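First to last, the sequence lines map onto chains V and U. Residues in the first sequence are numbered consecutively from 1228, following our numbering. Residues in the second sequence are numbered consecutively from 1228, following our numbering. Ideal Cβ placement from N, Cα and C applies to all residues, glycine included. Given the structure is predicted, the values throughout are model-derived calculations rather than measurements.
There are 2 protein chains.
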Amino acid sequence: MHILIIGAAGMVGRKLTEALIAAGELGGKPITALTLADVEAPMLTLAPFHVSVVAADLSLPGAADVLVASRPDVIFHLAAIVSGEAEADFEKGYAINLDGTRLLFEAIRREGLVAPWCPRLVFTSSIAVFGTPLPASIPDDMAHTPLTSYGTQKAICELLLADYSRRGFFDGVGIRLPTIVVRPGAPNKAASGFFSGIIREPLNGVEAVLPVADDVRHWFSSPRSAVGFLIHAAELDAAALEQRRNLTMPGLSATIAEELAALERFGGKRVVALVRRAPDETIGRIVAGWPQNFSAQRALSLGFRAETSFDDIVRAHIEDELGGRVPLG
Amino acid sequence: MHILIIGAAGMVGRKLTEALIAAGELGGKPITALTLADVEAPMLTLAPFHVSVVAADLSLPGAADVLVASRPDVIFHLAAIVSGEAEADFEKGYAINLDGTRLLFEAIRREGLVAPWCPRLVFTSSIAVFGTPLPASIPDDMAHTPLTSYGTQKAICELLLADYSRRGFFDGVGIRLPTIVVRPGAPNKAASGFFSGIIREPLNGVEAVLPVADDVRHWFSSPRSAVGFLIHAAELDAAALEQRRNLTMPGLSATIAEELAALERFGGKRVVALVRRAPDETIGRIVAGWPQNFSAQRALSLGFRAETSFDDIVRAHIEDELGGRVPLG
Ligand SMILES: NC(=O)c1ccc[n+]([C@@H]2O[C@H](COP(=O)([O-])OP(=O)(O)OC[C@H]3O[C@@H](n4cnc5c(N)ncnc54)[C@H](O)[C@@H]3O)[C@@H](O)[C@H]2O)c1
Ligand SMILES: NC(=O)c1ccc[n+]([C@@H]2O[C@H](COP(=O)([O-])OP(=O)(O)OC[C@H]3O[C@@H](n4cnc5c(N)ncnc54)[C@H](O)[C@@H]3O)[C@@H](O)[C@H]2O)c1
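Have a look at this one:
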């Protein structure tokens, strides 16, 4: 089993790489080769099978052709620029998030014309395909009315994935990831960054700013669950999907207050005191347009699983990033 | 007021051209120039204002730039290849229905970078963006799960239209047309052709084949209503659309039995006897995947209007195509 990860140098890509190496197999078949591709050359990792690393800009014509020439059995397509950057740079967002994906899909289709080949392709979409007005809990058949270019690009890629799969060019599964918390590493500029920051920073003894009210509700899962979704999507029997190949992943609908209560249970009052309230109207307005809760009925019935309490999310962070102990605890 | 129609040589394009010339105005402003573009050069039409005709293939780079260089105030984008052709020729469908539209949208955006310009753009989408399983009556916020490449291409263009409008590159309105009956002219190869054929042919004394059962239900409007939708979409106050710029048009949900009853009321038993039942399993299966009924609540509340009985649809055909009388009547 040969696996290709595109966007392998990113947060989810690195965790997926680790998980695949640890498992050594996918869907019961031993992994024999792993190709890690990203515009920023991914780090070469030690593994009991062949790992190769490719630096490639998916938005450049020809790049995808090179990646698919070795005909991997499973392709994880995670490469994207984030919402904020796609909003700030219209052309770059469409070039990478839409055209990059289409170039990949076309490269697979053309490779399949040479000799039959139908790899499983797992694509990471986002709940940003939904935009207000929205019901309190969003059903699986809710229309996509994105309010960002990033969300538009993800929604278009979902449509392409479904059509290419229907045509038999590849065997696609699109998964709409919740907002992933706690995102490890340095704070980034994403408007959603504070959801992770108010857990990550205080647990490291560092102050974190909370720009929204405590009753703000959003939809979360841990990086660990995200990796679980990707692997389950790669192993899934596609017949069960019928014609609907894009799925809202399960997640946890929680408020900031619930986040902070979980933080206190793990870190105590001293840690929670490091969260400084500094309401920011701009961020507040952006966040007010985001989805708060989903039914995710189809994904649950297909066996996808996420955290069911914020304690689980904080615990996953402490176990996976902090060696299992709270530095300040 | 300068108006550009792309796809002007098509069935809807020709009827829209006639209607605009007859009205002489749009949204209360006198029409001063009309540009008719199509890959098949549209016929030059006499009008009390300047009419120009352009033969241009929208899917070729540069073609859209020429069309937008004169900065029309309103652009009707009707150019497309139909469902059957887009399904038979994957690359052609994407080249015309998706890339052609994107080249047009990009040409408008770039023209607006030279000097501010924000034309109203009316795009004809289709109920083919919806695919089974579907509820009996489809609400306005139903997810798009097209089961054809044509429907996929239309759904993608809707998403692009919304994002380009949100960005202020143009002022777009996307309208999902019902199946248009009675389509004038020779029978075409569309799987939906019989819905028009069983009215049009018998009224001309010619036999027509009915490949599906009498209880098959579908969603219709007349060519006259389609032109009405286009003009209303061009005149609409966009503020009322808020962020949802793509609308399911109103229509008539009717069965074949209701169609035939209306035909009999206008043409008598002799005319209805020209409908020959010849069940076709392939067509039956295709049609079974089509939507049957919509709420179209938003479009109705925005003032769009369609026929409310099949008699109205047959009457529109007799008035607009047969000079007001039934040849065999
Ligand atoms: N993290 C989240 O909360 C979240 C939520 C929903 C969806 N997603 C999606 O999941 C995927 C992975 O997310 P992440 O958090 O790991 O993002 P990330 O930004 O950490 O990783 C994305 C990777 O894609 C790479 N990339 C960007 N442009 C590229 C190009 N032109 N060619 C090749 N590689 C390119 C980047 O270098 C980066 O390593 C993305 O598609 C993202 O849109 C993430
Ligand atoms: N007729 C219907 O029932 C129906 C239903 C839903 C949506 N629509 C949509 O409404 C629009 C008009 O429909 P119609 O029935 O008049 O279709 P039509 O086929 O009669 O007209 C389409 C026109 O587009 C032109 N065209 C095709 N490729 C082109 C290209 N590359 N460059 C320039 N022009 C090109 C064709 O020459 C044709 O004149 C289409 O976009 C169609 O998809 C129609």
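>> What would DSSP say about residue 1532 of chain U, mapped onto helix, strand or coil?
In response: By 1-based counting over the second sequence, the position of residue 1532 of chain U is 305. It is coil, neither helix nor strand.
>> Strictly below 8 Å CB to CB, what residues from chain U border residue 1394 of chain V?
In response: Along the first sequence, one-based indexing puts residue 1394 of chain V at 167. Within 8 Å Cβ-Cβ: 1317 and 1376.
>> Looking at the secondary structure, which residues open and close the alpha helix (DSSP H) in which residue 1538 of chain U lies?
In response: The count along the second sequence starts at 1 and reaches residue 1538 of chain U at position 311. First-last of the alpha helix (DSSP H) with residue 1538 of chain U: 1537-1548.
> Does the beta-carbon distance from residue 1388 of chain V to residue 1401 of chain V come in below 7 Å?
Replying inline: Mapped onto the first sequence, residue 1388 of chain V falls at position 161. Mapped onto the first sequence, residue 1401 of chain V falls at position 174. Yes, Cβ-Cβ distance for residue 1388 of chain V and residue 1401 of chain V is below 7 Å.
>> I'd like to know if the region 1498-1506 of chain V and the region 1453-1465 of chain V are in contact, where contact means that at least 3 CB-CB pairs between them fall below 8 Å.
In response: no
> Among V/1446, V/1480, V/1294 and V/1538, which residue has its Cα nearest to the Cα of residue 1490 of chain V?
Replying inline: Within the first sequence, numbered from 1, the residue matching residue 1490 of chain V stands at position 263. Nearest of V/1446, V/1480, V/1294 and V/1538 to residue 1490 of chain V, Cα basis: V/1538.
>> Closer than 9 Å between beta carbons: that is the criterion. Which residues of the region 1518-1541 of chain U meet it against chain V?
In response: none
> Which residues in the same chain have their Cβ closer than 7 Å to the Cβ of residue 1524 of chain V, if we skip the five residues on either side of it in sequence?
Replying inline: Walking along the first sequence from the start, residue 1524 of chain V turns up at place 297. 1367.
>> My assumption, with CB atoms under 8 Å, is that residue 1463 of chain V sits in contact with residue 1549 of chain V. Please give the rounded CB distance.
In response: Translated into positions along the first sequence, residue 1463 of chain V becomes position 236. Translated into positions along the first sequence, residue 1549 of chain V becomes position 322. Rounded, the Cβ-Cβ distance is 32 Å, inconsistent with contact.
>> Which residues does DSSP list as the beta-bridge partners of residue 1302 of chain V?
In response: The count along the first sequence starts at 1 and reaches residue 1302 of chain V at position 75. V/1231 and V/1348, per the DSSP bridge assignment.
>> Given this structure, state the Cα-to-Cα distance separating residue 1237 of chain V from residue 1533 of chain V, to the nearest angstrom.
In response: As a position in the first sequence, residue 1237 of chain V is number 10, starting the count at 1. As a position in the first sequence, residue 1533 of chain V is number 306, starting the count at 1. If you take the alpha carbons of residue 1237 of chain V and residue 1533 of chain V, they lie about 21 Å apart.
>> For a quick check, are the C-beta atoms of residue 1359 of chain V and residue 1254 of chain V less than 7 Å apart?
In response: Translated into positions along the first sequence, residue 1359 of chain V becomes position 132. Translated into positions along the first sequence, residue 1254 of chain V becomes position 27. Result no, Cβ atoms of residue 1359 of chain V and residue 1254 of chain V do not sit closer than 7 Å.
>> Quick check on DSSP: helix, strand or coil for residue 1332 of chain U?
In response: For the purposes of this step, residue 1332 of chain U is taken as the residue at position 105 of the second sequence. Note: residue 1332 of chain U maps to helix in three-state DSSP.
> Name the DSSP bridge partner or partners of residue 1480 of chain V?
Replying inline: Here the question's residue 1480 of chain V lines up with position 253 in the first sequence. The partner list for residue 1480 of chain V (beta bridge, DSSP) reads V/1446.
> When we look at the beta-carbon of residue 1556 of chain U and count the other beta-carbons within 10 Å, is it buried (16 or more) or exposed?
Replying inline: Locating residue 1556 of chain U in the second sequence gives position 329, counting from the first residue. Confidence at residue 1556 of chain U is low in this model, with a pLDDT of 49, below 50, so the placement of that residue is unreliable and no value is reported for it.
>> For chain V, check one thing: does any of its Cβ atoms lie closer than 7 Å to the Cβ of residue 1369 of chain U?
In response: Looking up residue 1369 of chain U in the second sequence gives position 142. It does: the Cβ of residue 1369 of chain U has a partner Cβ on chain V nearer than 7 Å.
>> For ligand 2, I want to know if residue 1485 of chain U counts as a neighbour, meaning its beta carbon is within less than 6 Å of at least one of the ligand's heavy atoms.
In response: One-based indexing of the second sequence puts residue 1485 of chain U at position 258. No, ligand 2 has no heavy atom inside 6 Å of this Cβ.
> Within the 7 Å Cβ cut-off, does residue 1390 of chain V reach chain U?
Replying inline: For the purposes of this step, residue 1390 of chain V is identified with residue 163 of the first sequence, where counting begins at 1. By this cut-off, residue 1390 of chain V is an interface position.
> Of all the residues that make up the region 1463-1496 of chain U, which are near chain V by a beta-carbon distance shorter than 7 Å?
Replying inline: 1470 and 1471
> Buried or exposed: residue 1241 of chain U, going by 16 or more other Cβ atoms within 10 Å of its Cβ?
Replying inline: Your numbering for residue 1241 of chain U matches position 14 in the second sequence. Counting Cβ neighbours within 10 Å, residue 1241 of chain U comes out buried, since at least 16 surround it.
> Any heavy atom of ligand 2 closer than 6 Å to the Cβ of residue 1280 of chain U?
Replying inline: In the second sequence, counting from the first residue as 1, residue 1280 of chain U sits at position 53. Not under cutoff, so the answer is no.
>> Runs of 4 residues minimum, wholly inside the region 1243-1317 of chain V: which ones carry the alpha helix (DSSP H) assignment?
In response: 1290-1295 and 1310-1315
> Mind checking whether the beta-carbon of residue 1314 of chain V lies closer than 6 Å to any heavy atom of ligand 1?
Replying inline: Taking the first residue of the first sequence as position 1, residue 1314 of chain V is located at position 87. Residue 1314 of chain V Cβ: outside cutoff for every heavy atom of ligand 1.
> Any C-beta of chain U sitting closer than 7 Å to the C-beta of residue 1354 of chain V?
Replying inline: Counting from one through the first sequence, the residue named residue 1354 of chain V turns up at place 127. So no, residue 1354 of chain V is outside the interface.
>> Less than 7 Å between the beta carbons of residue 1346 of chain U and residue 1383 of chain U, yes or no?
In response: In the second sequence, residue 1346 of chain U corresponds to position 119, counting from 1. In the second sequence, residue 1383 of chain U corresponds to position 156, counting from 1. No, the Cβ-Cβ distance between residue 1346 of chain U and residue 1383 of chain U is not below 7 Å.
> In terms of alpha-carbon separation, which member of V/1447, V/1381 and V/1293 lies closest to residue 1535 of chain V?
Replying inline: By 1-based counting over the first sequence, the position of residue 1535 of chain V is 308. That would be V/1447, whose Cα lies nearest to the Cα of residue 1535 of chain V.
>> By the three-class DSSP mapping on this structure, what secondary structure does residue 1471 of chain V have?
In response: Stepping through the first sequence from its first residue, residue 1471 of chain V is reached at position 244. It is coil, neither helix nor strand.
> Among residues of its own chain, excluding the 5 on either side of residue 1279 of chain V, which ones have a beta-carbon nearer than 8 Å to its beta-carbon?
Replying inline: Residue 1279 of chain V sits at position 52 when you count from the first residue of the first sequence. Hits under 8 Å: 1260, 1261, 1262 and 1263.
> If you draw a straight line from the C-alpha of residue 1292 of chain V to the C-alpha of residue 1441 of chain U, how long is it?
Replying inline: Position 65 of the first sequence, counted from the start, is the residue given in the question as residue 1292 of chain V. Position 214 of the second sequence, counted from the start, is the residue given in the question as residue 1441 of chain U. The straight-line gap from Cα to Cα measures roughly 50 Å.
> Residues of chain U with a CB under 9 Å from the CB of residue 1339 of chain V: which are they?
Replying inline: To locate residue 1339 of chain V, count along the first sequence from 1; it is residue 112. Result: empty, since nearest Cβ-Cβ is about 12 Å, beyond 9 Å.
> Cβ atoms of residue 1414 of chain U and residue 1424 of chain U: under 7 Å apart, would you say?
Replying inline: Locating residue 1424 of chain U in the second sequence gives position 197, counting from the first residue. Locating residue 1414 of chain U in the second sequence gives position 187, counting from the first residue. Cβ distance < 7 Å, so residue 1424 of chain U and residue 1414 of chain U count as in contact.
>> Just checking: is the beta-carbon of residue 1372 of chain U within a distance shorter than 7 Å of some beta-carbon in chain V?
In response: Taking the first residue of the second sequence as 1, we reach residue 1372 of chain U at position 145. Yes, residue 1372 of chain U counts as interfacial toward chain V.
> Can you tell which of V/1297, V/1353 and V/1339 has its C-alpha closest to the C-alpha of residue 1324 of chain V?
Replying inline: Position 97 of the first sequence, counting from 1, holds the residue named residue 1324 of chain V. Checking every option, the nearest Cα to that of residue 1324 of chain V belongs to V/1353.
>> Suppose the cutoff is 6 Å on Cβ atoms and the five residues either side in sequence are ignored; what does the same chain contact list for residue 1511 of chain V look like?
In response: Numbered from 1 along the first sequence, position 284 holds the residue referred to as residue 1511 of chain V. Here the set comprises 1439.
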